[in-house]
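Student:
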Amino acid sequence: QVQLVESGGGLVQPGGSLRLSCTASGYRVSRNTMGWYRQAPGKQRELVARISIGGSATNYGDSVKGRFTISRDNAKNTVFLQMNSLKPEDTAVYYCNTLTSALAWGQGTQVTVSS
Numbered sequence: 015q016v017q018l019v020e021s022g023g024g025l026v027q028p029g030g031s032l033r034l035s036c037t038a039s040g041y042r043v044s045r046n047t048m049g050w051y052r053q054a055p056g057k058q059r060e061l062v063a064r065i066s067i068g069g070s071a072t073n074y075g076d077s078v079k080g081r082f083t084i085s086r087d088n089a090k091n092t093v094f095l096q097m098n099s100l101k102p103e104d105t106a107v108y109y110c111n112t113l114t115s116a117l118a119w120g121q122g123t124q125v126t127v128s129s
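In my numbering, the protein residues as written are 15 to 129.
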């Protein structure tokens, strides 16, 4: 059974940093381009970052470009999202999945940016 488990979220002040992790079981993340998504209250889920299979190519949404960095460790079957210079508008539940959202969504990890 495929399972995605996101972790690393929390409450942080504006300007702070967090590092999110997404570990898959029952699925090899090395098979696919992976992405981090987020969903804020009352809004649709959006893709914020993606990374190619080998990790050499990354893309970011305009709202996080220059502040977030996606990376992967295929040997550990894990994808990471380093988030710096966090803003209140980054508050959301963060999820990982393939670029086509092919896997069942995990529970996500809550990120709250507030003073």
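C-beta atoms are modelled at their ideal positions from N, C-alpha and C, and glycine is treated no differently.
1) Under the DSSP definition of a beta bridge, which residues are partnered with residue 83?
2) What does residue 113 pair with, by DSSP beta-bridge criteria?
3) With 16 other CB atoms within 10 Å as the buried threshold, where does residue 123 fall?
4) For residue 77, which of helix, strand or coil comes out of DSSP?
5) Considering only their Cβ atoms, is the gap separating residue 121 from residue 33 smaller than 7 Å?
Tutor: The structure says:
1) As a first step, residue 83 is located in the sequence shown; it is residue number 69 there, counting from the start. Per DSSP, 96.
2) On the sequence shown, residue 113 is found 99 positions in, with the first residue counted as 1. DSSP, once it has assigned bridges, lists no residue as partnering residue 113.
3) Translated into positions along the sequence shown, residue 123 becomes position 109. Using a 10 angstroms sphere on the CB of residue 123, the tally of other CB atoms reaches 16 or more, which defines it as buried.
4) Taking the sequence shown and counting its residues from 1, the one referred to as residue 77 is at position 63. Looking at residue 77 - three-state DSSP - the assignment turns out to be coil, as it is neither helix nor strand.
5) As a position in the sequence shown, residue 33 is number 19, starting the count at 1. As a position in the sequence shown, residue 121 is number 107, starting the count at 1. No, these two residues do not count as a Cβ contact at 7 Å.
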